[in-house]
Structure formats: C-alpha cells, structure tokens
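Enquirer:
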Amino acid sequence: MAHSGTDSKTKTKQDEPVLIGKAGDSLREAFGKALVKYADEFPEMVVLDADIAGGTGTHHFQEARPDRFFQFGIAEQNMMATAGGMAGVGLLPVVTTFAVFCLRAIEQARLSIAYSERNVKIVASHPGLDVGPDGGSAQALEDLAAYRAIPTMTVISPCDPLEVELATRAILAFDGPVYMRSGRSPARRILDESYEFEIGKGRILRDGSDVTLIGCGVETARALDAAEILEGEGVSARVVNMSTIKPIDHELVKRCAEETGAIVTAEDHNVYGGLGSAVAEAVAQHAPCPMELVGVQDVFGESGDPEELAEHYGLTGPHIAEAARKVIRRK
Numbered sequence: 008m009a010h011s012g013t014d015s016k017t018k019t020k021q022d023e024p025v026l027i028g029k030a031g032d033s034l035r036e037a038f039g040k041a042l043v044k045y046a047d048e049f050p051e052m053v054v055l056d057a058d059i060a061g062g063t064g065t066h067h068f069q070e071a072r073p074d075r076f077f078q079f080g081i082a083e084q085n086m087m088a089t090a091g092g093m094a095g096v097g098l099l100p101v102v103t104t105f106a107v108f109c110l111r112a113i114e115q116a117r118l119s120i121a122y123s124e125r126n127v128k129i130v131a132s133h134p135g136l137d138v139g140p141d142g143g144s145a146q147a148l149e150d151l152a153a154y155r156a157i158p159t160m161t162v163i164s165p166c167d168p169l170e171v172e173l174a175t176r177a178i179l180a181f182d183g184p185v186y187m188r189s190g191r192s193p194a195r196r197i198l199d200e201s202y203e204f205e206i207g208k209g210r211i212l213r214d215g216s217d218v219t220l221i222g223c224g225v226e227t228a229r230a231l232d233a234a235e236i237l238e239g240e241g242v243s244a245r246v247v248n249m250s251t252i253k254p255i256d257h258e259l260v261k262r263c264a265e266e267t268g269a270i271v272t273a274e275d276h277n278v279y280g281g282l283g284s285a286v287a288e289a290v291a292q293h294a295p296c297p298m299e300l301v302g303v304q305d306v307f308g309e310s311g312d313p314e315e316l317a318e319h320y321g322l323t324g325p326h327i328a329e330a331a332r333k334v335i336r337r338k
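Using this note's numbering, the first residue of the sequence shown is number 8, and each one after it goes up by one.
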C-alpha cells in the first residue's frame with residue numbers, strides 16, 4: 008500500500024502548500040515538540056522517519072536537529088532493522104511512522120528490536136479510526152494487539168497532548184523496546200499540569216462507586232463524557248485512564264473490580280487483543296466481575312470523518328454509557 012498523500016500536504020484557498028501536521032492540538036504535534044524539548048537531555052537520541060514527518064509531527068525535530076534525523080523513504084522494514092542496529096552501538100532510535108505501517112514492519116520490529124531487547128522506541132501516528140478519510144486499509148485497528156503479543160515490548164496509548172509529552176520523556180528514559188501510539192486529529196485536553204505519568208500505572212481521573220470506565224487514547228475523553236451522562240441518571244461512574252496497555256496495572260484493575268463490581272473498557276481498536284483483553288485478563292486473574300468491551304467489533308473500518316466513524320462504530324460517550332447500564336444490570 009502506498010502512503011496517502013492526503014496527510015502530508017494539502018492546499019489552502021490560496022493554493023499554498025501547508026503541512027497539516029503543523030495545525031491543531033493533536034497528539035502527534037505534542038510528540039514532535041516533545042522530541043525537540045528533550046533533545047539535549049537525551050543526546051544519544053536519533054529520529055528515524057519514513058517520508059511522513061509532516062504527518063507524524065517529527066518535522067519539528069527534523070527542522071531543529073537535522074544532524075540527528077534520518078530519512079528512510081517508504082522503507083519501514085529497513086527502518087526498523089536499522090533502528091535495532093543503531094541501538095546496538097549505543098544510540099537511542101525513535102522510529103516514527105503511521106500505525107498501519109508499523110504492522111507492515113512487524114517482523115523486523117519483532118526480530119531486530121524486541122528479540123534482542125534493543126532500546127528502540129516505535130511511535131505510531133494515525134492509529135484506529137483516527138485516520139478517517141484514508142479508509143479501512145489505512146486504519147490500524149490491530150496494532151495494540153499485535154505489538155502487545157511481542158515479548159519484551161511495552162505498549163502505551165496516551166490520552167491527551169500533556170500525557171504524550173510526559174510519556175515521550177518516560178519512554179526515552181526507559182531501557183527497553185516500546186510501542187507508543189500518538190494521534191492524527193486535534194485532541195481534547197483532559198489532564199492538568201499536576202498529572203504524573205508513570206509507565207505501567209493507570210490513573211483514576213474521576214471517582215465513582217457503581218461502575219468503572221477504563222479508557223486509553225482518545226477514548227479516555229469519551230469515557231469522561233459517559234460518566235457525565237450517567238451522573239445525570241444517578242449512576243456513579245469511576246473513570247480510569249489506562250495509558251499503559253502492557254504491562255497492565257493489575258493492582259488498579261483489581262481495586263476497581265472489587266470496589267465497583269463492574270468494568271467497561273473503551274478503545275479505538277478492535278475489541279480483540281487490546282485494552283479490553285488486557286483488562287479482562289487481569290480481572291479474570293484477580294477479581295472476576297461483569298465486563299463490557301467498547302471498541303470496533305472485529306470489522307474493518309471505512310472512510311469518513313473520525314468523529315462520524317466513532318459514532319458509527321459505537322465508540323462515543325453515549326455508547327460507553329449504554330455499555331455501563333448493561334454491565335450494571337449484570338452485577
């Protein structure tokens with residue numbers, strides 16, 4: 008599959024080329040700016056790109072530190088393998104491309120990076136339905152499952168621009184292979200400056216006693232929407248941001264299962280193998296309780312506006328609220 012040209016450059020009304028990645032308060036923009044912010048703190052860091060720096064936000068780093076930016080063109084497999092080699096000689100490679108192209112290069116990520124536990128960070132933009140108009144062939148609805156299944160790989164999906172910035176520094180300081188999602192569309196800010204990110208830890212954003220809503224990525228904001236809807240009905244919903252999918256925070260999942268007795272997960276991903284599966288594994292091990300999994304129901308996506316697709320595939324706040332009502336009836 009060739010790279011889509013729709014996200015690297017477009018035309019204004021004056022027919023002037025504009026990098027879309029420079030606009031909006033998106034997770035990819037926060038990631039690109041964080042790379043520049045931490046460039047001096049991590050002098051061994053280098054950034055590898057597959058011809059879409061305008062789409063992943065890494066154009067910021069390309070402009071600021073061209074001597075530490077490597078362009079591979081449309082050759083993601085070679086980029087992954089090279090990153091493993093770079094880590095072997097002491098560099099700190101950050102591999103960036105779209106999430107669907109990380110699936111294309113998963114063999115090289117598995118063998119050249121994870122198998123030898125090379126200190127490489129894979130950061131994927133345009134995950135899930137967030138790709139929108141590019142359609143089902145470009146929408147990575149399986150990336151969390153695929154990378155979670157690779158031994159030694161840590162998997163992270165931040166929820167807003169602040170968490171992306173904090174998570175970027177955390178993965179640079181962390182010793183080991185990491186797969187992290189960013190995002191294409193403007194993202195709502197839901198965290199304040201007091202928020203602390205730690206790999207492997209979930210955070211309760213809103214307490215409640217009747218049900219726990221656990222989200223990651225853009226779905227955490229929609230889980231907060233659902234909690235507001237439920238509050239109007241007299242239902243007390245706890246909201247957890249579970250940005251680290253692997254290793255999952257077993258302790259927090261157990262506590263939520265025991266204290267609220269019902270859990271709903273929400274993810275912009277297939278319901279198989281991602282956040283819902285990781286939480287269900289923890290629930291089954293520690294504190295079995297009724298669960299509902301909100302996500303794409305094992306189908307490929309289609310072209311459309313991301314918000315329209317989220318509604319079509321049942322990922323918005325009202326759908327999460329309905330899953331909460333359903334799981335509460337099963338308590």
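We put the beta carbon where it would ideally sit given N, CA and C, even for glycine.
Are the CB atoms of A234 and R210 nearer to each other than 9 Å?
Expert: No. Outside cutoff.
Enquirer: Go ahead and pull the three-state DSSP assignment for M93.
Expert: Three-state result, M93: helix.
Enquirer: Beta carbon of M249, beta carbon of L237: below 9 Å?
Expert: Contact flag unset, no.
Enquirer: Taking just the CA atoms, how far does S189 sit from E51?
Expert: Whole-angstrom Cα-Cα distance: 22 Å.
Enquirer: Bridge partners for N126 per DSSP, in chain order?
Expert: The partner list for N126 (beta bridge, DSSP) is empty, contrary to what the question assumes.
Enquirer: Leaving aside the five residues before and after P295 along the sequence, list all residues of the same chain whose C-beta is less than 8 Å from its C-beta, in chain order.
Expert: Excluding residues within five positions, the ones whose Cβ falls inside 8 Å are A264.
Enquirer: When you compare the CB positions of A331 and L300, do they come within less than 9 Å of one another, or not?
Expert: Not closer than 9 Å, so no.
Enquirer: According to DSSP, is V306 helix, strand or coil?
Expert: Coil, per DSSP.
Enquirer: Go through the region 121-196 residue by residue and report every complete run of the alpha helix (DSSP H) that reaches 4 residues or more, in order.
Expert: You should have 150-155, 168-180.
Enquirer: When the Cα of D58 is compared with those of F49, Q84, T104, which residue comes out closest?
Expert: It is T104 whose Cα lies nearest to the Cα of D58.
Enquirer: What residue range does the beta strand (DSSP E) around G211 cover?
Expert: According to the sequence provided, residue 211 is Ile. The question's Gly does not apply to it. Its beta strand (DSSP E) spans residues 210-213.
Enquirer: Buried or exposed: which applies to K333, given that a residue is buried once 16 or more other Cβ atoms fall within 10 Å of its Cβ?
Expert: With fewer than 16 other Cβ atoms within 10 Å, it is exposed.
Enquirer: Could you tell me if S144 is buried or exposed, where buried requires 16 or more neighbouring beta carbons within 10 angstroms of its beta carbon?
Expert: Exposed.
Enquirer: By a C-beta neighbour count over all protein chains shown, 10 Å radius and 16 as the cutoff for buried, is E200 buried or exposed?
Expert: By the 10 Å Cβ count, E200 comes out exposed.
Enquirer: For E114, count neighbouring C-beta atoms within 10 Å of its own C-beta (all shown protein chains included) and say buried if the count is 16 or more, exposed if not.
Expert: When all chains shown are included, E114 counts as exposed.
Enquirer: Looking at A152: is its Cβ nearer than 9 Å to the Cβ of H276?
Expert: Yes.
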